[in-house]
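J.: In the working numbering, the protein residues as written are 992 to 1298.
For glycine and all other residues, C-beta sits at the position ideal for the given N, C-alpha and C.
My questions will all concern the structure given below.
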């Protein structure tokens, strides 16, 4: 499921360090965004990397010079399951416990579809960067100090489910501390730094990779100070208080803002980011959200084929 980055509202009050408040931009940012291209990037509009009219993926696109100019945020729906029971089906629900998290954004420069600078075509392959940095050890990304695999790597000797988001009552130490991804709303905040805050975040830096790496480190640090660039299951819990907020509701994008869908072809390359992301080079099928009225209830109870 895909949400396209949207230009946020303007807040007159920055943080104490001069950075825009969560989910907002400053007036100086808005002024610079409006000057891009033909002026598309105003608050409330879907952000475009060239400032021109919105261009969603099209059959007439050509990689790498003619592609969508939006900034997508992906929430994985997993894979179709044809090995259980007698039919092919995809069991999936949209909630904060892992399903509303996205891949570590610092993987993007190594997937094959990421451009180094604003408005340029992707040159990851030409630069020899595809797969250059894998991230099987979580955090903190290239801008931070590399974490030890024995400290936060995948330990086969842990006496618990190695992907446990929830825990038994009174056993918080059961919860996962090696999360590679981040909540979708935090990913959105990172992209706001990279793309929509040209005045209030690293104003003299134009290289997208550097902006991405630094934004990832900064925003994760705000949520989990001294957490080695990792949002653990405990810290990422929606009821946890972080960065001065009473809860983590802001860290999760609501399901209704995901406006597009894509089926991708993947290989086991150790990356969580979709292949050739953020380009649509690896897409097999795509479409847009269609709202229905009246709404249709989701299936409830036990599966009819549950034998």
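1) Give the C-beta separation of residue 993 and residue 1064 to the nearest angstrom, bearing in mind that I take them to be a contact with Cβ-Cβ under 8 Å.
2) Taking the alpha carbon of residue 1133 as the reference point, which residue from 1047, 1255, 1096 has its own alpha carbon closest?
3) Out of 1223, 1204, 1241, state which residue places its alpha-carbon closest to the alpha-carbon of residue 1101.
4) Can you say whether residue 1011 is buried or exposed, counting buried as having 16 or more other CB atoms within 10 angstroms of its CB?
5) Below 8 Å, how does it come out for the region 1175 to 1184 and the region 1085 to 1095: are there three or more Cβ pairs, yes or no?
6) Less than 7 Å between C-beta atoms, sequence neighbours within five positions excluded: which residues of the same chain meet that for residue 1213?
7) Is residue 1056 closer than 8 Å to residue 1043 when the C-beta atoms are compared?
8) Could you please give the first and the last residue of the uninterrupted alpha helix (DSSP H) stretch that includes residue 1207?
9) Nearest by alpha-carbon distance to residue 1206: which of 1184, 1129, 1237 is it?
10) Could you give the residue range of the alpha helix (DSSP H) that holds residue 1181?
11) Residue 1104 and residue 1270: beta carbons closer than 8 Å?
12) Candidates 1239, 1117, 1218, 1221: which alpha carbon is nearest residue 1228's?
13) For residue 1013, which residues in the same chain have their Cβ closer than 7 Å to its Cβ, ignoring the five residues on either side in sequence?
14) Give me the Cβ distance between residue 1088 and residue 1157, rounded to the nearest whole Å; I'm assuming they're in contact under 8 Å.
15) Can you check whether the CB of residue 1219 is closer than 8 Å to the CB of residue 1130?
16) Need the endpoints of the alpha helix (DSSP H) that residue 1275 sits in, please.
17) Who are the Cβ neighbours of residue 1033 in its own chain at under 8 Å, not counting the five residues just before and after it?
18) Select from 1182, 1123, 1108 the residue whose C-alpha is nearest the C-alpha of residue 1210.
19) Report the CB separation of residue 1268 from residue 1099 in whole angstroms; it is logged as a contact under 8 Å.
20) Using only CA atoms, which one of 1059, 1111, 1067, 1140 lies nearest to residue 1125?
21) At what residues does the alpha helix (DSSP H) containing residue 1142 begin and finish?
22) Which term fits residue 1237, buried or exposed, when burial requires 16 or more other beta carbons within 10 angstroms of its beta carbon?
23) Shortest alpha-carbon distance to residue 1281 belongs to which of 1275, 1247, 1266, 1000?
24) By the three-class DSSP mapping on this structure, what secondary structure does residue 1033 have?
25) Quick test of your reading: residue 1255 and residue 1273, contact by CB under 8 Å. State the CB separation rounded to the nearest angstrom.
26) Figure out for me which residue from 1251, 1005, 1283, 1200 has the closest Cα to the Cα of residue 1120.
27) How many whole angstroms separate the CB atoms of residue 1190 and residue 1019, which I take to be in contact at a CB cut-off of 8 Å?
28) Would you grab the beta carbon distance between residue 1173 and residue 1226 for me? Rounded to a whole angstrom, and I think it's under 8 Å.
29) What residue does the beta strand (DSSP E) around residue 1253 start on, and which one ends it?
30) In whole angstroms, what separates the C-alpha of residue 1147 from that of residue 1007?
31) Return yes when at least one heavy atom of the ligand PLP lies under 7 Å from the C-beta of residue 1251, else no.
32) Expressed to the nearest angstrom, what Euclidean distance is found between the alpha-carbon atoms of residue 1048 and residue 1028?
T.: Reading it off the structure:
1) 7 Å
2) 1096
3) 1204
4) buried
5) yes
6) 1234
7) no
8) 1199 to 1214
9) 1184
10) 1175 to 1182
11) yes
12) 1239
13) 1180, 1241
14) 7 Å
15) yes
16) That residue, residue 1275, is in no alpha helix (DSSP H); its beta strand (DSSP E) goes 1274 to 1279.
17) 998, 1021, 1024, 1025
18) 1182
19) 6 Å
20) 1140
21) 1140 to 1143
22) exposed
23) 1247
24) coil
25) 5 Å
26) 1200
27) 4 Å
28) Contact flag wrong, Cβ pair sits at about 11 Å.
29) 1251 to 1255
30) 43 Å
31) In the structure shown, the ligand PLP is absent, as is every other ligand, since no ligand is present at all.
32) 19 Å
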